[in-house]
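Student: Take a look at the following structure, please.
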Amino acid sequence: MIAVTSKRTDIHIPKKFDKEEYDYNQKLLSNYLSHQAKEKKKLATQVKKPEDYYEEKTSRFQDFVINTFKGFSHLTESGKSIISKLSKIQKPTLKK
Numbered sequence: 000m001i002a003v004t005s006k007r008t009d010i011h012i013p014k015k016f017d018k019e020e021y022d023y024n025q026k027l028l029s030n031y032l033s034h035q036a037k038e039k040k041k042l043a044t045q046v047k048k049p050e051d052y053y054e055e056k057t058s059r060f061q062d063f064v065i066n067t068f069k070g071f072s073h074l075t076e077s078g079k080s081i082i083s084k085l086s087k088i089q090k091p092t093l094k095k
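Its first residue numbered 0, the sequence shown is counted upward by one per residue in numbering that gives the first Met the number 0.
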């Protein structure tokens, strides 16, 4: 058997077939492939559901409103009362 390495040609003499090394390499390969499959499956199950998007968007909107009023709270007393009321409101959760 002739093996080409870089730009020169060497005569490659294969070493004696080692069954233990072959089995070990096959085991490593199968472990790697099964790990990759588990990772893909885990990522596929982590897809967000529409309910998650709803909760995330509404909570982000509430945070935005609260932070906006915090910026103006030094101007008016009504801003402070609005912030205290908004802070007491529980974030919406969908019942499953």
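Glycine is no exception: its CB is placed at the ideal position from the N, C-alpha and C atoms. Predicted model, so just to flag it, every value in this text is computed and none were measured.
(1) Put aspartate 17 into one of helix, strand or coil per three-state DSSP.
(2) Whole angstroms are fine: how far does the CA of threonine 44 sit from the CA of isoleucine 65?
(3) Helix, strand or coil, according to DSSP, for glutamine 45 in the structure here?
(4) What's the gap between the Cα of alanine 36 and the Cα of lysine 84?
Tutor: Checking against the coordinates, here is how it stands:
(1) As a working note, residue 17 is residue 18 in the sequence shown. Aspartate 17: coil per DSSP, three-state reduction.
(2) Counting from one through the sequence shown, the residue named residue 65 turns up at place 66. Counting from one through the sequence shown, the residue named residue 44 turns up at place 45. Answer to the nearest angstrom: the Cα atoms are 33 Å apart.
(3) For this step, residue 45 is matched to residue 46 along the sequence shown. Of the three classes helix, strand and coil, the one that applies to glutamine 45 here is coil, per DSSP.
(4) By one-based count along the sequence shown, residue 36 stands at place 37. By one-based count along the sequence shown, residue 84 stands at place 85. Between alanine 36 and lysine 84, the C-alpha separation is close to 49 Å.
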